[in-house]
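Sequence lines, in order, name chains A and B.
The opening position of the first sequence corresponds to residue 1 in the numbering used here, with each subsequent residue numbered one higher.
The opening position of the second sequence corresponds to residue 1 in the numbering used here, with each subsequent residue numbered one higher.
Here is the structure we will look at.
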Amino acid sequence: NAGVTQTPKFRILKIGQSMTLQCTQDMNHNYMYWYRQDPGMGLKLIYYSVGAGITDKGEVPNGYNVSRSTTEDFPLRLELAAPSQTSVYFCASSWQGAHEQYFGPGTRLTVT
Amino acid sequence: GEDVEQSLFLSVREGDSSVINCTYTDSSSTYLYWYKQEPGAGLQLLTYIFSNMDMKQDQRLTVLLNKKDKHLSLRIADTQTGDSAIYFCAEPPGTASKLTFGTGTRLQVTL
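Here it is in structure tokens:
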């Protein structure tokens, strides 16, 4: 199993551009999550999904959108990139919700 | 939302014990978790404790839980350079679907 994979690893965006961060898991997990990690701020939950076709907002959803058309994939969309979205983004999945989340390696995004 | 609090930095000498502390917010949390993040990587579950336990030991790791004070700690015995990482505590805030993470404690192990 590859676990949780994320692409790209790094990306630089100009203000106002859009992009999609990809996340795929091959563990047949129902629960998937998107977090952002800012220095000294821990992880903040952006969006999560409890199964295909179901998504819900986390703590910091503004400026992002998600979809969950399959169990495996959970892409995160940034429509109008802003400098405040410069961060490291982690995708995670789990079989039992909050219990034992598996994390991808992260995407480092810079918006200038 | 309410914050799960940790101190930001801890430095210990190799071979000493490390104690990382966390204050959580939700007294109804069923489990409490410790995750480890090595440089340039995602988080990995290190250990967890069920809320009806006071202590859990797993090799060099000891987790202590004080529910009255909502205080969680992680002790690493005989700390090694490979333990250098950021450690996060986490709790499920009122729901079993998601986690709230602390700010993370960066552990530096010196020779």
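Backbone N, C-alpha and C fix where the C-beta goes; we use that ideal spot for every residue, glycine too.
{"Check": "Three-state class that DSSP yields for glutamine 85 of chain A in the structure shown", "Outcome": "helix"}
{"Check": "Aspartate 26 of chain B, DSSP secondary structure in three states", "Outcome": "coil"}
{"Check": "CB contact check: proline 92 of chain B to chain A, cutoff 8 Å", "Outcome": "yes"}
{"Check": "Glutamate 72 of chain A: contacting residues in chain B (beta-carbon distance under 8 Å)", "Outcome": "Chain B residues near glutamate 72 of chain A: none, gap ~18 Å exceeds 8 Å."}
{"Check": "Unbroken beta strand (DSSP E) run spanning phenylalanine 74 of chain A, endpoints", "Outcome": "Note, phenylalanine 74 of chain A: premise wrong, no beta strand (DSSP E); not H, not E."}
{"Check": "CA-to-CA distance, glycine 3 of chain A to leucine 74 of chain B, given in whole angstroms", "Outcome": "27 Å"}
{"Check": "Sufficient close CB pairs (3 or more, under 8 Å) joining the stretch 34–48 of chain A to the stretch 15–32 of chain B", "Outcome": "no"}
{"Check": "Cutoff 8 Å: glutamine 44 of chain B Cβ touching any chain A Cβ", "Outcome": "yes"}
{"Check": "According to DSSP, residues forming a beta bridge with isoleucine 15 of chain A", "Outcome": "Per DSSP, none; premise fails for isoleucine 15 of chain A."}
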